[in-house]
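The sequence shown: position 146 = 177 (the numbering used here), numbered continuously.
The beta-carbon is built from N, C-alpha and C at its ideal position, and this holds for glycine as well.
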Amino acid sequence: MTINTTVIGTPHSSTSVVFSILDVLASVGRDWEMMHGLPVLAPVFDVSMRTENGAPYWDVNGRKVTPDGMLHENPEPDLIVVPNLQLDPNGGFPEEYRKTAEWIAAAHERGAIITSVCSGAIFLGAAGLLDNKEATTHWGYAEMLRQTFPKVTVRCERFLVPVGEGHRVVTAGGHSAWTDLMLYLITRYAGADEARRIAKIYLIDPHNEGQLTYASLTSGRSHDDQLIAAAQVWAAENYDAPSPVAAMAERAQMTERGFLRRFKKATGQAPTDYIQTLRVEEAKQLLETTAMPIEDISADIGYSEPSSFRAAFRKRVGLSASAYRKKWQALAPEG
């Protein structure tokens with residue numbers, strides 16, 4: 032059985048990811064066999080890239096892209112892949128793609144498996160496929176997904192989240208998580224041995240550690256509360272203070288309880304979580320760029336007990352501080 036597969040194209044899609052998905056799925060049953068002098072097998076995936084109107088478009092980098100056809104020319108796909116989208120993380124779902132989202136929802140209703148990469152999860156949210164379910168997306172779009180579709184439980188620490196009856200909805204996390212999704216789909220339709228062969232051909236390593244280790248501090252929710260904005264500016268320079276939340280409340284001339292409520296309303300985070308995030312982000316920079324002992328880093332960013340720092344770091348990053356240093360300093364040029 033050949034899996035009729037549609038990859039969604041849009042002017043906001045990353046062309047490199049779109050065509051990488053097309054290439055990898057088309058290679059299943061072919062490339063390994065060609066490299067080893069074996070008979071080429073029947074295609075597992077009949078894959079095409081389609082858009083709502085089928086017309087050529089220019090991507091975000093100004094490259095002309097020609098789709099294989101219109102969505103409605105392939106009315107009953109078995110599998111749909113929505114690649115990542117270059118969108119404003121502070122915006123909502125682009126209404127220009129509403130009809131495409133409706134087409135995806137109708138295809139799912141007919142039995143298709145719907146998958147997304149990175150910010151492509153926004154399409155699945157607009158199609159109503161993530162309500163009351165877990166989903167992942169790129170860490171930079173996690174807040175956008177939460178705000179736009181509040182019924183979704185966002186698990187941005189995970190690279191791959193299959194959900195629903197028969198796991199007919201699958202979201203993949205970061206920009207490069209298209210590789211994890213491809214290995215998952217190849218395993219699902221062609222078996223683990225074929226997935227391993229494709230991984231060897233394309234030098235793909237699954238992101239088993241999740242994507243928290245790649246995440247950095249984002250600007251957070253936009254707001255117009257000048258008092259809280261001033262507190263955030265102060266915190267950026269004084270997160271190592273012994274009691275920074277109490278100090279922020281005092282500077283704002285508010286009780287701690289009142290300040291907590293106002294800060295969370297404006298930013299979506301409790302002030303203690305905000306301070307922890309600032310501290311961990313600074314620790315990541317020090318681990319990446321210096322040889323400071325971890326105990327000294329802990330004290331430098333405001334933790335009186337190294338054990339508290341280690342626990343907070345692992346919770347937010349998904350790796351121990353020492354493992355994080357080893358991972359990223361391996362990329363540093365040799366002296």
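- Residue 192 and residue 223 do not touch by the CB rule: their CB atoms are close to 20 angstroms apart, not below 8 angstroms.
- Distance between residue 200 and residue 145, taken at the CA atoms: about 5 angstroms.
- Assignment of residue 269 by DSSP, reduced to helix, strand and coil, places it in the helix class.
- If you look at residue 290, you'll find it in the alpha helix (DSSP H) that goes 287-298.
- Judged by DSSP in its simplified three-state form, residue 111 adopts strand.
- Here residue 106 is exposed, its C-beta having fewer than 16 other C-beta atoms within 10 Å.
- Residue 63 holds the alpha-carbon nearest to the alpha-carbon of residue 72 among 301, 63, 80.
- Pairing residue 92 with residue 48 gives a Cβ-Cβ distance that is not under 9 angstroms.
- Nearest Cα to residue 196 within the set 160, 274, 228: 160.
- Counting other Cβ atoms within 10 Å of its Cβ, residue 156 reaches 16 or more and is therefore classed as buried.
- As the crow flies, the alpha-carbon of residue 286 is around 25 angstroms from that of residue 332.
- Residue environment: residue 141 is assigned as exposed (fewer than 16 neighbouring CB atoms within 10 Å of its CB, all protein chains considered).
- Going by C-alpha positions, residue 282 is about 8 angstroms away from residue 262.
- About 6 angstroms separates the CB atoms of residue 266 and residue 275; that is less than 8 angstroms, so the two are in contact.
- Cβ atoms of residue 311 and residue 348 come within 8 angstroms of each other, at about 7 angstroms.
- Residues of the same chain with a CB within less than 8 angstroms of the CB of residue 46, apart from the 5 flanking positions on each side, are 90, 92, 94, 96 in chain order.
- Here residue 307 is buried: its Cβ has 16 or more other Cβ atoms, across all protein chains shown, within 10 Å.
- Residues of the same chain with a CB within less than 7 angstroms of the CB of residue 279, apart from the 5 flanking positions on each side, are 262, 265, 266, 290, 302 in chain order.
- Along the length of the stretch 142-185, whole beta strand (DSSP E) runs at least 3 residues long occupy 144-148, reported in chain order.
- Residue pairing by DSSP places residue 194 opposite 200 in a beta bridge.
- Scanning the stretch 297-334 for uninterrupted alpha helix (DSSP H) segments of 4 residues or longer gives 302-320, 325-331, listed from N- to C-terminal end.
- Nearest in C-alpha terms to residue 168, of all of 256, 208, 81, is 208.
- Spatial neighbours of residue 163 in its own chain (CB-CB distance under 7 angstroms, excluding positions within 5 residues in sequence) are listed in chain order as 182.
- The DSSP assignment places complete alpha helix (DSSP H) segments of no fewer than 4 residues inside the stretch 44-125 at 46-58, 62-66, in order along the chain.
- Each residue's CA atom was taken as its position, placing residue 133 and residue 202 some 18 angstroms apart.
- Burial state of residue 322 is exposed, judged by a 10 Å Cβ sphere holding fewer than 16 other Cβ atoms.
- Residue 37 is bridged by DSSP to 79, 111.
- When the Cα atoms are used, residue 121 and residue 273 turn out to be separated by approximately 33 angstroms.
- By the Cβ neighbour-count rule, residue 54 is exposed, with fewer than 16 other Cβ atoms within 10 Å of its own.
- For residue 127, the three-state secondary structure derived from DSSP is helix.
- Pairing residue 78 with residue 36, the inter-Cα distance amounts to about 5 angstroms.
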